[in-house]
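S.K.:
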Amino acid sequence: VVDWHRETGVSVIASEAANNSAFSRSSFIRALDIVKKSSHAVFCDCGNGIPHPANRGSVQLADTLVFPGNAASGDSLRDITNTMKQYSDPKFKMAEKVKQGVIVIVGAKESERRTYAHHYDFPIERVFTIPTNRYMAGDNIVSLSRVPLRIRVILLEILVAILKAERIS
Numbered sequence: 007v008v009d010w011h012r013e014t015g016v017s018v019i020a021s022e023a024a025n026n027s028a029f030s031r032s033s034f035i036r037a038l039d040i041v042k043k044s045s046h047a048v049f050c051d052c053g054n055g056i057p058h059p060a061n062r063g064s065v066q067l068a069d070t071l072v073f074p075g076n077a078a079s080g081d082s083l084r085d086i087t088n089t090m091k092q093y094s095d096p097k098f099k100m101a102e103k104v105k106q107g108v109i110v111i112v113g114a115k116e117s118e119r120r121t122y123a124h125h126y127d128f129p130i131e132r133v134f135t136i137p138t139n140r141y142m143a144g145d146n147i148v149s150l151s152r153v154p155l156r157i158r159v160i161l162l163e164i165l166v167a168i169l170k171a172e173r174i175s
C-alpha cells in the first residue's frame, strides 16, 4: 500500500500487508526499487516483524533507518535496542546501516537528548526528542499547519539528519 502525503509530497509505504503471504521478499524488493526510482522520498513503516518480507526488503533498500520510540513506554525504548540488535546480526549484513541510523524519541524533553544519545551509543546529532503534544497524540491525521512551530522545526531537523546520513552511507 503506497499513499501520498498531500502536505509534504512524501510517499509512505505500509509494510505490513493484510495477507503476509501475498508477496515474497524478492518481489517486494523489486516493487520498492521501482517506487524508489520514481519518487523523491519514500518512507516505509517497518513495524516489528523483522522476518516479514516487507520489513527486510525495506531495510535492505533503505538509505537511512529511523528508530522511533516513545519516552512514556519502557517497552518502546527497549524495542529500539532490540530492533537495532536484530538488524545488526551478521546474517543480515546491515550493522553499518544500523550505526548510521537516526533515533527519534517522542514525548521526551530536549534536555534528555544527550542521555538518549549516550544510552543508544549514537552521536547526539542523530538523536532527536519530540516533546509531548496533545494535538499529535490523537489518532487523527496530522495536519502540519496545526503542529506547533517548535515541533515542525524538530521534524525538519530530523529530515536534514536523514539526508546527511544518506551521504555517509
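Numbers 7 to 175, taken from this note's numbering, label the letters of the sequence shown in order.
Quick reminder that beta carbons are idealized off the backbone N, C-alpha and C, glycines included.
I'd like to confirm the pairing. Which residues does DSSP put opposite Asn76 in its beta bridges?
M.R.: In DSSP, Asn76 forms a bridge with Val112.
S.K.: Secondary structure at Val153, three-state DSSP: helix, strand or coil?
M.R.: Correct three-state label for Val153: coil.
S.K.: Rounded to whole angstroms, what's the CA-CA distance from Ser94 to Pro74? Just pull it up for me.
M.R.: Distance between the alpha carbons of Ser94 and Pro74 is about 17 Å.
S.K.: Just checking my contact of Lys103 with Leu71 at CB under 8 Å: how many whole Å lie between their CB atoms?
M.R.: Lys103 to Leu71, Cβ: 6 Å. Contact.
S.K.: Quick one: give me the first and last residue of the alpha helix (DSSP H) that Thr121 is part of.
M.R.: First-last of the alpha helix (DSSP H) with Thr121: 119 to 126.
S.K.: Closest to Ile136 by C-alpha separation, out of Leu150, Ile111, Asp69, would be which residue?
M.R.: Nearest of Leu150, Ile111, Asp69 to Ile136, Cα basis: Ile111.
S.K.: Smallest Cα separation from Asn139: which of Val108, Ile157, Tyr126?
M.R.: Checking every option, the nearest Cα to that of Asn139 belongs to Ile157.
S.K.: Compute the Euclidean distance between the alpha carbons of Thr89 and Leu155, then round it to the nearest angstrom.
M.R.: The straight-line gap from Cα to Cα measures roughly 31 Å.
S.K.: On the DSSP bridge assignment, give the partners of Thr135 in chain order.
M.R.: Answer is Ile111.
S.K.: Could you tell me the alpha carbon to alpha carbon distance between Gly63 and Arg36, rounded to whole angstroms?
M.R.: Their Cα atoms are separated by approximately 9 Å.
S.K.: Taking 6 Å as the limit between beta carbons, can you name the residues of its chain near Ile86, skipping five residues before and five after?
M.R.: So the list reads Phe73, Gly75, once near-sequence residues are dropped.
S.K.: Is it right to say Ala78 is buried, meaning 16 or more other beta carbons lie within 10 angstroms of its own, or is it exposed?
M.R.: It counts as exposed.
S.K.: For Tyr122, I'd like the list of residues in its chain whose CB is within less than 6 Å of its CB, leaving aside the five on either flank, ordered along the chain.
M.R.: Hits under 6 Å: Ile111, Val133.
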